[in-house]
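Everything on this sheet refers to the single structure shown next.
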Amino acid sequence: MTSGSPWLTALALFSRDAWLVLGSAFVMGFTIFGGIYSLLFNLYLLRLGYDLGFIGLINAAALLGWAVACLPAGTVGGWLGNRLAMVLGLSLALVGYLLVPFCELIPPGLGRSAWLLVAYLAGNVFIALYDVNSQPFLAQASSPVERDHLFATQAALWPVAAFLGSLAGGVLPGIFGALLPTGSPSAPYRYSLILCAFLLGFGVWALLATRGGQTSPREGQTSTDRRQTPPGEGQTPATIFPSLGIVFLGIALFLQGTGEGAVRTFFNVYLDTTFRVPTEVLGLLAASGNLLGAAAALLMPVISRRTGHKRLFVFGTLGISAALASLFFLPGMLAASVGFILVLVLVSITRPAVLVYLMESATQRVQTLLSSVYTMAMGLSWSAVALFGGFALATLGYPGFFLVCAVLVAVSAVAFGAQRREQLD
1181 MTSGSPWLTA LALFSRDAWL VLGSAFVMGF TIFGGIYSLL FNLYLLRLGY
1231 DLGFIGLINA AALLGWAVAC LPAGTVGGWL GNRLAMVLGL SLALVGYLLV
1281 PFCELIPPGL GRSAWLLVAY LAGNVFIALY DVNSQPFLAQ ASSPVERDHL
1331 FATQAALWPV AAFLGSLAGG VLPGIFGALL PTGSPSAPYR YSLILCAFLL
1381 GFGVWALLAT RGGQTSPREG QTSTDRRQTP PGEGQTPATI FPSLGIVFLG
1431 IALFLQGTGE GAVRTFFNVY LDTTFRVPTE VLGLLAASGN LLGAAAALLM
1481 PVISRRTGHK RLFVFGTLGI SAALASLFFL PGMLAASVGF ILVLVLVSIT
1531 RPAVLVYLME SATQRVQTLL SSVYTMAMGL SWSAVALFGG FALATLGYPG
1581 FFLVCAVLVA VSAVAFGAQR REQLD
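Each residue of the sequence shown is one higher than the one before, starting from 1181 at the first, in this note's numbering.
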């Protein structure tokens, strides 16, 4: 048997619904999560004349709104079903992201700042419905036979799509600047963000095409694994409010998320303001990290068979900490670029590992809660990094800021390693 056979076998087992959700994940990566919007939004704010303090504030507020929306998003998924919650969330998020660049209809001042804050916050809040409900939907659309490969494929699709989106984001302002010369430094970025929001509509279409049904049991699949709770049922206080063990898990995931949050929020601004790196080069670096991350994600099923999902997550998290620490001990553009790429690679491996670990640690009744806690922890950590990072950079500098994040990530690895599986159900 060749090394590619397990992957081919697993891909053949993916259900129609699973493929469609993977398609929506691709659109998400290309447009929002690591792609066009991630590359250009902060640069757009810089071209509008905003400083690092406001950039940190708006990113923190949006991420905080995303995080706070996660638990209610799980509850909505319980009421409406995971499928309808995803469709609703991505549709409303599209509207929010589309409204952001229309802030220029308002003269500079508090009104424009408020428009930016509300529109970007709305996009992040509504997209929590998609993020939270997509994981239990995929868990129920798969069996243990192909689940590792399904979640690894999802993790790989995001960086591949983000790679393409980063390349597109790097050239779109130049294209719009040449086609629609206005003399305004923000105009090319405005048109790029408008196009990005419309492209998100393809993700909505993919979700609408799903049926939301269960796949038939396959070899290696138990009846317990396929247990399903109908929409609207099973929403007891225990499924809405986390237990102490799940709260401890959330804290560990919160600390781990500071590493990814640091590089995703401030890496492009760091290189833009410190080293005057052109936008095209920023796009190439981000694209390279995302592409390598995609390849790394596909290794998760192979590595987890040897280490287990939990141990893989712990050691991968320690690697993220080391990559961030290198930015302090080896300052400079090259070290920053290598550290950024390493963080994205290791995140791409650890994310599907921890998601499979969480989905297989609980019955379906608790799966949406665990997905809510995971997504909320990421949102809270990224918002905290964006908020405090924007104001702390003047004191610590970028290398010192990344070192603090490295310490927090290392603590998260120890905390997660101490978690017992039976505390999650």
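Glycine is no exception: its CB is placed at the ideal position from the N, C-alpha and C atoms. Keep in mind the model is a prediction, meaning the values are calculated, not measured.
Worksheet item: Which of helix, strand or coil does DSSP assign to T1362?
Response: coil
Practice prompt. Run the CB neighbour count on G1512, radius 10 Å, all protein chains shown included, and call it buried at 16 or more, exposed below.
Written response: exposed
Practice prompt. Look up I1500 in the DSSP assignment and say whether it is helix, strand or coil.
Written response: helix
Worksheet item: With a CB to CB cut of under 7 Å and the five nearest residues on each side skipped, what residues in its chain are close to A1205?
Response: Q1334, L1337 and W1338
Discussion item. Using the Cβ count rule (16 or more neighbours within 10 Å means buried), how would you classify F1263?
Written reply: Checking the sequence shown, residue 1263 turns out to be Arg, not Phe. Burial call: buried.
Worksheet entry | Where L1228 falls: helix, strand or coil (DSSP) | coil
Worksheet entry | Exposed unless 16 or more other CB atoms sit within 10 angstroms - verdict on P1410 | Model confidence at P1410 stands at a pLDDT of 46, short of 50, so the residue's coordinates are unreliable and nothing is read from them.
Fill in: Exposure label - V1608; buried when at least 16 CB within 10 Å
In this structure the chain extends from 1181 to 1605, so residue 1608 is not present and cannot be described.
Fill in: Distance between F1508 and R1407 (C-alpha atoms, nearest Å)
With a pLDDT of only 43 at R1407, under the threshold of 50, the placement of this residue in the model should not be trusted, and no figure is reported.
Fill in: Touch test, the stretch 1435 to 1450 against the stretch 1558 to 1570, Cβ-Cβ under 8 Å, three pairs minimum
yes
Item to complete: Between the Cα of L1526 and those of V1587, L1191, L1504 and A1515, spot the shortest distance and give me the residue it belongs to.
Response: L1504
Worksheet entry | Length of the line joining the Cα atoms of V1546 and S1364 | Between V1546 and S1364, the C-alpha separation is close to 51 Å.
Discussion item. Measuring alpha carbon to alpha carbon, tell me which residue in A1273, T1189, G1303 and L1583 is nearest H1329.
Written reply: T1189
Discussion item. To the nearest angstrom, how far is the alpha carbon of I1428 from that of Q1599?
Written reply: Residue 1428 is actually Phe in this sequence, not Ile. Answer to the nearest angstrom: the Cα atoms are 8 Å apart.
Worksheet item: Can you give the Cα-Cα distance for Y1578 and G1463, rounded to whole angstroms?
Response: 20 Å
Discussion item. At the level of alpha carbons, what is the spacing between N1304 and T1487?
Written reply: 35 Å
Worksheet item: Buried or exposed: where does P1281 fall if 16 or more other Cβ atoms within 10 Å of its Cβ makes it buried?
Response: buried
Discussion item. Given this structure, state the Cα-to-Cα distance separating V1275 from L1510, to the nearest angstrom.
Written reply: 42 Å
Item to complete: Keeping to the same chain, check which residues put their C-beta closer than 8 Å to that of L1360; ignore five residues upstream and five downstream.
Response: A1367, P1368 and Y1371
Worksheet item: Rounded C-beta distance between G1254 and T1548? I'm assuming under 8 Å.
Response: Right, their Cβ atoms sit about 5 Å apart.
Item to complete: List the endpoints of the continuous alpha helix (DSSP H) containing A1273.
Response: N1262 to L1279
Item to complete: With DSSP collapsed to three states, give me the class of F1213.
Response: coil
Worksheet entry | Chain-order list of residues whose beta-carbon lies under 7 Å from that of V1494 (same chain, five-residue window excluded) | A1593, F1596 and G1597
Discussion item. Just to confirm before moving on: does the CB-CB distance between S1517 and L1465 stay below 8 Å?
Written reply: yes
Worksheet item: Residues in its own chain within less than 8 Å of V1207 by CB, not counting five upstream and five downstream?
Response: A1341, L1379, L1380, F1382, G1383 and A1386
Item to complete: Reducing DSSP to helix, strand and coil, say where F1331 ends up.
Response: helix
Discussion item. Can you look up I1286 in the DSSP assignment and give me helix, strand or coil?
Written reply: DSSP places I1286 in coil when its eight states are reduced to three.
Fill in: Limits of the alpha helix (DSSP H) - the one that R1676 falls within
Given that the chain is displayed from residue 1181 to residue 1605, the structure contains no residue 1676 and the question cannot be resolved.
Discussion item. For R1327, count the other beta carbons within 10 Å of its own beta carbon; 16 or more makes it buried, fewer makes it exposed. Which is it?
Written reply: buried
Discussion item. L1550 and N1470 - do their beta-carbons sit closer together than 8 Å?
Written reply: no
Fill in: Residues near R1227 in its chain [Cβ-Cβ closer than 7 Å; skip 5 each side]
Excluding its 5 nearest sequence neighbours in each direction, R1227 has C-beta neighbours in its own chain below 7 Å: P1365, S1366 and Y1369, listed in chain order.
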